[in-house]
Amino acid sequence: MRSFLPEVTALLFSSSLLAGECSTVLDYDLRLLAGESELNLCEAYPDKVLLVVNTASKCAFTGQYEGLEALYDEYRERGLVVLGFPSNDFGAQEPGSEQEIQNFCRSTYSVGFPMFAKTSVRGETAAPFWKNLATVSGTVPKWNFHKYLIDRNGDFVAEFSSLTQPQSVRLREQIEALLQD
0 MRSFLPEVTA LLFSSSLLAG ECSTVLDYDL RLLAGESELN LCEAYPDKVL LVVNTASKCA
60 FTGQYEGLEA LYDEYRERGL VVLGFPSNDF GAQEPGSEQE IQNFCRSTYS VGFPMFAKTS
120 VRGETAAPFW KNLATVSGTV PKWNFHKYLI DRNGDFVAEF SSLTQPQSVR LREQIEALLQ
180 D
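The sequence shown begins at 0 in numbering that gives the first Met the number 0 and counts up one residue at a time.
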């Protein structure tokens, strides 16, 4: 006897997506940097490819802001959104206030991609969104500018260490593939 379980599962999965059900990876309300506004990631970025990055203003990798902004500019029209999360978890390299961080990012690197509230991204104090990212990816950020790639369905796809530059062929190929789907 033939089992219909795979077909039923696929139908239920696609029906839940059509019904607007939110991915557990993105079902979070998060506050924007230097503001009081919160937004739900599922509602704000439906059908988008997301590159989630923990950032810091006083790090050897801070220059990656320029490359992240370039990625965002290049692929934004096709559905990529870079999400920045300032964090002071590594070497106290994000000591400023949220307003100082925002001013620095805008004036120094012309950052236009969405930036969220200063947050903890590792350990017991990690924000729930980051704890979940660590669980689904199997990887906790080891330093600033760690990157997580999430597909249009809100599913984790890949993670990239701080050493991976935004211009990296491997990162760009993965983004391109997800944008074509």
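Even glycine gets a Cβ: it sits at the ideal position worked out from N, Cα and C.
Taking 9 Å as the cut-off, the beta carbon of ALA125 is found closer than this to the beta carbon of ALA133. Secondary structure of LYS146 (DSSP, three-state): strand. Relative to VAL80, the option among VAL51, SER22, LEU31, ARG121 whose CA is nearest is VAL51.
Nearest neighbour of GLU65 by Cα position, chosen from GLU175, ALA176, PRO165, turns out to be PRO165. Only buried fits PRO85, as 16 or more other CB atoms lie within 10 angstroms of its CB. Secondary structure of ASN87 (DSSP, three-state): coil. Setting aside the 5 residues that flank it on each side, ARG30 is surrounded in the same chain by GLU37, ALA116, each with a C-beta closer than 6 Å to its C-beta; the list follows chain order.
Between GLU73 and VAL110 the beta-carbon gap is near 15 Å, outside 8 Å, which marks them as no contact. According to DSSP, residue pairing for ASP46 in a beta bridge does not occur. For VAL168, the enclosing alpha helix (DSSP H) has its first and last residue at 168-179. Counting along the chain, GLU37 sits inside the beta strand (DSSP E) bounded by residues 37-39. Check the Cα spacing between PRO45 and each of GLU20, ALA33, LYS57, CYS58: the tightest is with GLU20. In the structure shown, VAL135 falls within a helical segment according to DSSP collapsed to helix, strand and coil. Bridge partners of PHE155 according to DSSP: ILE149. For PHE115, the secondary structure class from DSSP, reduced to helix, strand or coil, is strand.
Contact annotation: the stretch 92-101 touches the stretch 52-63, with at least three C-beta pairs closer than 8 Å.
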